[in-house]
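The block underneath contains the structure these notes are about, expressed in structure tokens.
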Amino acid sequence: MKKIFILVSAISGLLFLGVVSFSVYQLHQQEKIFVDDRVIAGKEVWQREGCMECHAIFGNGGYSASDLTKIMKKRDEEWLKEYFSNPPIMAPSRGRHHPGLPEQDVEKLVGFFHWVNEIDTKGWPPKPDVQIERTPEQK
Numbered sequence: 032m033k034k035i036f037i038l039v040s041a042i043s044g045l046l047f048l049g050v051v052s053f054s055v056y057q058l059h060q061q062e063k064i065f066v067d068d069r070v071i072a073g074k075e076v077w078q079r080e081g082c083m084e085c086h087a088i089f090g091n092g093g094y095s096a097s098d099l100t101k102i103m104k105k106r107d108e109e110w111l112k113e114y115f116s117n118p119p120i121m122a123p124s125r126g127r128h129h130p131g132l133p134e135q136d137v138e139k140l141v142g143f144f145h146w147v148n149e150i151d152t153k154g155w156p157p158k159p160d161v162q163i164e165r166t167p168e169q170k
């Protein structure tokens, strides 16, 4: 009985060491992702201004406005800066303005969008099943 206990303990110990070694190896093989201060500051603006109440990134956030994961593929940097600096009236409400941001916050947010745009999302967000016709002022 004592020999069986020692054998089971030894096998369990070796399995444990193997799993730990493999886990450590996998951690060291992962690509390190570095972000600069502008990206971190942009994410802080995103959170502070409550952008996720209406918008989403990677599908996380609100669904009453567009997913901004790949917004940099749809709009150029100058368009976004103008939009956030001098926001138009939002399309559905016709009376409410998109919140405006100071220039330094706009720079930070655009930097964050650039970084998010570079992430391989494997096709997310998906194309909508239904296209809504927009008037020229809504575009």
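All you need for this note's numbering is the position in the sequence shown, starting with 1, plus 31. Positions of the beta carbon are idealized from the N, C-alpha and C atoms, including for glycine.
### Task
With hydrogens ignored, establish whether the beta-carbon of Pro-118 is closer than 7 Å to any heavy atom of the ligand PLP.
Looking at this structure, you won't find the ligand PLP or any other ligand, since it has none at all.
### Query
Quick one: is Lys-16 buried, meaning 16 or more other Cβ sit within 10 Å of its Cβ, or exposed?
The requested residue 16 is not part of the displayed model; the chain covers only 32 to 170.
### Task
Might you give, ordered along the chain, the residues of its own chain that have their beta carbon closer than 7 Å to the beta carbon of Cys-85, omitting 5 neighbours on each side?
Gly-93, Ser-95, Ala-96, listed in sequence order.
### Query
Who are the Cβ neighbours of Gly-90 in its own chain at under 7 Å, not counting the five residues just before and after it?
Within the same chain, Gly-90 has close Cβ partners Asp-98, Trp-155, Pro-156.
### Query
Where does Asp-98 sit, in a helix, a strand or coil, going by DSSP?
strand
#### Entry: C-alpha distance - Ile-88 paired with Trp-146, whole-angstrom precision
12 Å
### Message
Please return the same chain residues whose Cβ sits closer than 8 Å to the Cβ of Ser-116, not counting the five positions on each side in sequence.
### Response
Gly-131, Leu-132, Glu-134, Val-137
### Query
Does DSSP put Asn-91 in a helix, in a strand, or in coil?
strand
### Residue from Met-121, Met-103, Gly-142 whose Cα sits closest to the Cα of Trp-9
As displayed, the chain neither begins before 32 nor continues past 170, which places residue 9 out of reach and without an answer.
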